[in-house]
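All residue numbers for the sequence shown refer to the numbering used here, where the first residue is 17 and numbers rise by one.
Beneath this line is the structure, given in structure tokens, with notes to follow.
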Amino acid sequence: MKLTWMLGLMLVAHPTSLSDHLLLTEDNKPITTINRADIESDIPGIPLIDDDKYDMLLKKIQPIAYKPAINAKLDRAGNIIPEQPGSQLNSVLFKEEFYRTFYNRSQTSVQIPKMAIYPKVDSELLASVRSKQISHYYTYFNTHNKNRSHNISLATEAINNQVIFPGETFSFNRTVGQRTKEKGYLPAKIIIRGEFSEGIGGGICQVSSTLFNAVDRAGLEVTQRFSHSKTVHYVPPGRDATVSWYGPDFNFRNNYDQPLLIRAYAKGSTVSIMLFSTNDLRYEPKSVPSIQKEKLVPSSID
Numbered sequence: 017m018k019l020t021w022m023l024g025l026m027l028v029a030h031p032t033s034l035s036d037h038l039l040l041t042e043d044n045k046p047i048t049t050i051n052r053a054d055i056e057s058d059i060p061g062i063p064l065i066d067d068d069k070y071d072m073l074l075k076k077i078q079p080i081a082y083k084p085a086i087n088a089k090l091d092r093a094g095n096i097i098p099e100q101p102g103s104q105l106n107s108v109l110f111k112e113e114f115y116r117t118f119y120n121r122s123q124t125s126v127q128i129p130k131m132a133i134y135p136k137v138d139s140e141l142l143a144s145v146r147s148k149q150i151s152h153y154y155t156y157f158n159t160h161n162k163n164r165s166h167n168i169s170l171a172t173e174a175i176n177n178q179v180i181f182p183g184e185t186f187s188f189n190r191t192v193g194q195r196t197k198e199k200g201y202l203p204a205k206i207i208i209r210g211e212f213s214e215g216i217g218g219g220i221c222q223v224s225s226t227l228f229n230a231v232d233r234a235g236l237e238v239t240q241r242f243s244h245s246k247t248v249h250y251v252p253p254g255r256d257a258t259v260s261w262y263g264p265d266f267n268f269r270n271n272y273d274q275p276l277l278i279r280a281y282a283k284g285s286t287v288s289i290m291l292f293s294t295n296d297l298r299y300e301p302k303s304v305p306s307i308q309k310e311k312l313v314p315s316s317i318d
């Protein structure tokens with residue numbers, strides 16, 4: 017603020033004809049135009065920047081400069097798709113440049129400075145963490161139920177390629193996100209208070225249940241799990257993990273000293289979930305029961 021007053025007083029002592037507008041550019045391309053009067057304080061005759069108005073401007077600029085980093089991932093064939101760095105506003109440099117330009121006699125544009133955001137998972141880490149398969153689990157569903165099959169595919173895609181670092185907790189709800197029509201989820205059978213009903217995203221509990229059994233088989237620490245109020249048939253009794261956006265979640269913690277990788281697929285009538293880690297991982301697997309596909313009848317895998 018001290019610098020603001022000093023510059024303002026200098027302008028009073030040396031009147032200048034300033035442009036009424038400032039052009040903001042990103043990568044030398046025009047983004048938006050700022051009216052100087054919208055940023056100035058209400059003190060008459062002294063062109064000072066109002067701090068509150070500047071903060072409001074900053075909140076509008078930040079989304080423009082933001083580009084999320086994209087983690088490296090594996091494609092269906094197991095090939096690594098490289099990571100992509102992101103960017104965000106360098107607020108320190110922007111403030112210096114904006115204040116300088118605002119009080120400049122002739123400069124009328126401000127370049128939006130950015131700083132890099134680096135992804136958590138790069139190609140080198142991914143190549144290491146896919147080295148050793150430590151667990152797998154399969155469940156089966158009825159492909160004739162198109163809506164439910166579609167929802168299962170969306171949910172498996174959401175958790176596929178997720179990397180969980182040592183000490184980190186994985187949340188199914190946080191990872192998959194809210195199941196909505198806008199995200200492509202369709203109405204299908206769900207269980208509410210022990211009764212079957214229709215709901216957006218029906219079927220994804222099979223994905224969370226499959227994940228739970230793969231996680232438990234790997235000896236990982238399950239920190240939150242709830243069973244359905246009615247028996248389901250795609251996993252053995254008591255081996256399910258129900259989830260809903262405004263209700264129960266499935267969480268587990270990576271209690272090992274190496275990162276973990278989730279690989280999840282819905283292909284044909286099978287949900288396949290595998291867990292991988294580095295060759296350095298020392299883990300304690302568990303024996304968990306499973307259901308054989310040939311023992312299921314079509315009505316039991318809806």
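From the three backbone atoms N, C-alpha and C, an ideal C-beta is built for every residue, glycine too.
With contacts defined by Cβ atoms closer than 8 Å, I128 and I80 form a contacting pair. Ranked by Cα distance from T124, the first of S103, H37, T196, R195 is H37.
By the neighbour-count criterion, in which 16 or more other beta carbons inside 10 Å mark a residue as buried, Y82 falls on the exposed side.
The C-beta distance from V251 to I289 rounds to 12 Å, too long to meet the 8 Å contact threshold.
Within the same chain, Cβ atoms closer than 8 Å to the Cβ of P305 are found at P252, R255, the five residues on either side in sequence being excluded.
If you look at S125, you'll find it in the beta strand (DSSP E) that goes 125–127. Taking 8 Å as the cut-off, the beta carbon of P98 is found closer than this to the beta carbon of A88. Apart from the 5 residues on each side of it in sequence, Q274 sits with its Cβ closer than 7 Å to the Cβ of P182, S293, T294, D296, L297 in its chain, given in chain order. Here Y154 carries a strand assignment [DSSP, helix/strand/coil].
Comparing C-alpha distances from R116 to each of L64, P84, E140 shows the shortest one belongs to L64.
Within its own chain, the residues whose Cβ lies closer than 7 Å to the Cβ of N271, once the five positions on either side in sequence are excluded, are L236, E237, listed in chain order. Boundaries of the alpha helix (DSSP H) harbouring Q222: 220–233, taken from the DSSP string.
Only residues of its own chain outside the window of five on either side were considered, and among them F292, S293, T294, N295 have a CB closer than 8 Å to the CB of S147, listed in chain order. Unbroken beta strand (DSSP E) runs of no fewer than 3 residues, entirely contained in the segment 81–137, are found at 102–105, 125–127, 130–133, following chain order. L141 sits in a helix when the DSSP states are folded into three classes. Closest option to A143, judged by alpha-carbon separation, among I96, Y281, D67, T49: I96. The alpha-carbon of F114 is positioned some 13 Å away from that of T49.
When DSSP states are grouped into helix, strand and coil, V192 belongs to the helix group. K283 is positioned such that its CB atom lies no closer than 8 Å to that of Y156. Closest by C-alpha distance to Y134, out of D67, L40, A85, G219, is A85. A distance below 8 Å separates the beta carbons of L90 and N177.
Looking at the DSSP output, R255 shares a beta bridge with no other residue. Per DSSP, the beta bridge partners of H37 are N51. The C-alpha of E198 is placed about 35 Å away from the C-alpha of A234.
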